[in-house]
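Novice: Dropping a structure here in C-alpha coordinates format, bear with me for questions.
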Amino acid sequence: FNSTRKRMSTVARAPDGRVWLWVKGADNVMIARASSVPEWIDQNLSHFSEDGLRTLVLGRRLLGPDEAERWLKDFDAAQCSLDDRDSRLEEVAEKIETGLELLGITGIEDKLQVGVPDAIEKLRE
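Below is the structure:
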(Lines of atoms letter the chains of each structure in order from A; the text may use other names.)
(Lines give C-alpha, C1' and ligand atoms only; values in the text may rest on other atoms or scores of the structure.)
Protein backbone atom coordinates (compact mmCIF):
# COMPACT_ATOMS: atom_id res chain seq x y z
CA PHE A 3 0.00 0.00 0.00
CA ASN A 4 1.13 3.51 -0.72
CA SER A 5 -0.54 6.87 -1.24
CA THR A 6 -0.25 6.58 -5.03
CA ARG A 7 -1.81 3.12 -5.40
CA LYS A 8 -4.38 3.67 -2.62
CA ARG A 9 -4.91 -0.07 -2.33
CA MET A 10 -3.24 -3.29 -1.29
CA SER A 11 -3.67 -6.86 -2.47
CA THR A 12 -2.88 -10.40 -1.59
CA VAL A 13 -3.07 -13.61 -3.57
CA ALA A 14 -4.05 -16.75 -1.68
CA ARG A 15 -4.71 -20.38 -2.55
CA ALA A 16 -7.88 -21.74 -0.91
CA PRO A 17 -8.05 -25.28 0.53
CA ASP A 18 -9.93 -26.36 -2.61
CA GLY A 19 -6.97 -25.27 -4.76
CA ARG A 20 -8.56 -22.16 -6.26
CA VAL A 21 -6.42 -19.02 -6.27
CA TRP A 22 -8.02 -15.75 -5.19
CA LEU A 23 -6.90 -12.15 -5.44
CA TRP A 24 -8.15 -10.08 -2.46
CA VAL A 25 -7.95 -6.29 -2.62
CA LYS A 26 -8.84 -3.42 -0.29
CA GLY A 27 -8.54 0.22 -1.17
CA ALA A 28 -9.96 3.68 -1.62
CA ASP A 29 -13.45 3.74 -3.13
CA ASN A 30 -12.51 5.64 -6.31
CA VAL A 31 -9.61 3.28 -7.06
CA MET A 32 -11.61 0.12 -6.36
CA ILE A 33 -14.65 1.21 -8.37
CA ALA A 34 -12.38 1.90 -11.36
CA ARG A 35 -11.14 -1.71 -11.14
CA ALA A 36 -14.52 -3.37 -10.59
CA SER A 37 -16.30 -5.56 -13.11
CA SER A 38 -19.53 -3.86 -12.00
CA VAL A 39 -20.66 -1.65 -9.14
CA PRO A 40 -23.73 -2.83 -7.25
CA GLU A 41 -26.21 -0.10 -6.31
CA TRP A 42 -25.76 -0.84 -2.61
CA ILE A 43 -22.08 0.11 -2.89
CA ASP A 44 -22.94 3.61 -4.15
CA GLN A 45 -25.69 4.01 -1.56
CA ASN A 46 -23.46 3.02 1.35
CA LEU A 47 -20.58 5.17 0.11
CA SER A 48 -22.94 8.15 0.11
CA HIS A 49 -24.20 7.39 3.61
CA PHE A 50 -20.70 6.88 4.98
CA SER A 51 -19.37 10.09 3.43
CA GLU A 52 -22.36 12.06 4.78
CA ASP A 53 -21.39 10.76 8.23
CA GLY A 54 -17.77 11.86 7.66
CA LEU A 55 -16.38 8.33 7.69
CA ARG A 56 -13.23 7.21 5.86
CA THR A 57 -14.12 4.31 3.61
CA LEU A 58 -12.34 1.29 2.24
CA VAL A 59 -13.86 -0.98 -0.39
CA LEU A 60 -13.15 -4.71 -0.43
CA GLY A 61 -13.02 -6.84 -3.56
CA ARG A 62 -11.83 -10.12 -5.00
CA ARG A 63 -11.26 -12.00 -8.22
CA LEU A 64 -10.81 -15.69 -8.91
CA LEU A 65 -7.62 -16.32 -10.86
CA GLY A 66 -7.26 -19.13 -13.33
CA PRO A 67 -4.35 -21.52 -12.66
CA ASP A 68 -2.35 -20.33 -15.69
CA GLU A 69 -2.98 -16.68 -14.91
CA ALA A 70 -1.88 -17.14 -11.30
CA GLU A 71 1.33 -18.90 -12.33
CA ARG A 72 2.21 -16.27 -14.95
CA TRP A 73 1.51 -13.46 -12.51
CA LEU A 74 3.61 -15.04 -9.77
CA LYS A 75 6.57 -15.33 -12.15
CA ASP A 76 6.17 -11.67 -13.18
CA PHE A 77 5.85 -10.63 -9.52
CA ASP A 78 8.97 -12.58 -8.50
CA ALA A 79 10.95 -11.01 -11.37
CA ALA A 80 9.80 -7.51 -10.39
CA GLN A 81 10.56 -8.15 -6.72
CA CYS A 82 14.10 -9.27 -7.54
CA SER A 83 14.71 -6.35 -9.90
CA LEU A 84 17.62 -4.09 -9.04
CA ASP A 85 16.45 -1.31 -11.34
CA ASP A 86 13.21 0.60 -10.74
CA ARG A 87 11.83 -2.12 -8.46
CA ASP A 88 8.89 -0.10 -7.06
CA SER A 89 7.58 0.89 -10.47
CA ARG A 90 7.93 -2.68 -11.78
CA LEU A 91 6.01 -4.04 -8.79
CA GLU A 92 3.28 -1.46 -9.38
CA GLU A 93 3.12 -2.44 -13.06
CA VAL A 94 2.69 -6.12 -12.17
CA ALA A 95 -0.06 -5.28 -9.67
CA GLU A 96 -1.89 -3.16 -12.26
CA LYS A 97 -2.12 -6.18 -14.57
CA ILE A 98 -3.96 -8.36 -12.07
CA GLU A 99 -6.08 -5.86 -10.11
CA THR A 100 -8.87 -5.66 -12.68
CA GLY A 101 -12.36 -7.10 -13.04
CA LEU A 102 -12.90 -7.15 -9.28
CA GLU A 103 -16.09 -8.34 -7.63
CA LEU A 104 -16.87 -5.75 -4.96
CA LEU A 105 -17.77 -7.45 -1.69
CA GLY A 106 -18.17 -4.77 0.93
CA ILE A 107 -17.29 -1.43 2.44
CA THR A 108 -15.89 -0.37 5.75
CA GLY A 109 -16.47 3.06 7.22
CA ILE A 110 -14.35 4.26 10.10
CA GLU A 111 -14.13 7.49 12.03
CA ASP A 112 -10.70 8.95 11.39
CA LYS A 113 -10.06 11.40 14.20
CA LEU A 114 -7.33 13.99 13.82
CA GLN A 115 -4.17 13.45 15.82
CA VAL A 116 -3.47 15.62 18.84
CA GLY A 117 -2.35 19.10 17.79
CA VAL A 118 -3.58 18.86 14.19
CA PRO A 119 -6.64 21.14 14.68
CA ASP A 120 -4.35 23.81 16.17
CA ALA A 121 -1.91 23.48 13.28
CA ILE A 122 -4.73 23.82 10.75
CA GLU A 123 -5.98 26.94 12.53
CA LYS A 124 -2.50 28.49 12.49
CA LEU A 125 -2.20 27.81 8.76
CA ARG A 126 -5.51 29.57 8.15
CA GLU A 127 -4.27 32.73 9.96
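Residue 44 in the numbering used here is what sits at position 42 of the sequence shown, and the numbering runs on without skipping anything. C-beta: ideal position from N, C-alpha, C; glycine also. All values derive from a computational prediction rather than experimental measurement.
1. Could you give the distance in angstroms between the alpha-carbon of GLY19 and the alpha-carbon of VAL13?
2. If we ignore side chains and look at the alpha-carbon of each, how far apart do PRO67 and ALA80 end up?
3. Spatial neighbours of PHE3 within its chain, please: C-beta separation below 6 Å, excluding the five flanking residues on both sides.
4. Please identify the residue among VAL118, ARG7, LYS113, VAL39 whose C-alpha is closest to the C-alpha of LEU102.
5. Leaving aside the five residues before and after LYS97 along the sequence, list all residues of the same chain whose C-beta is less than 6 Å from its C-beta, in chain order.
Specialist: The relevant details are as follows:
1. 12 Å
2. So the alpha carbons of these two residues sit roughly 20 Å apart.
3. MET10
4. VAL39
5. none
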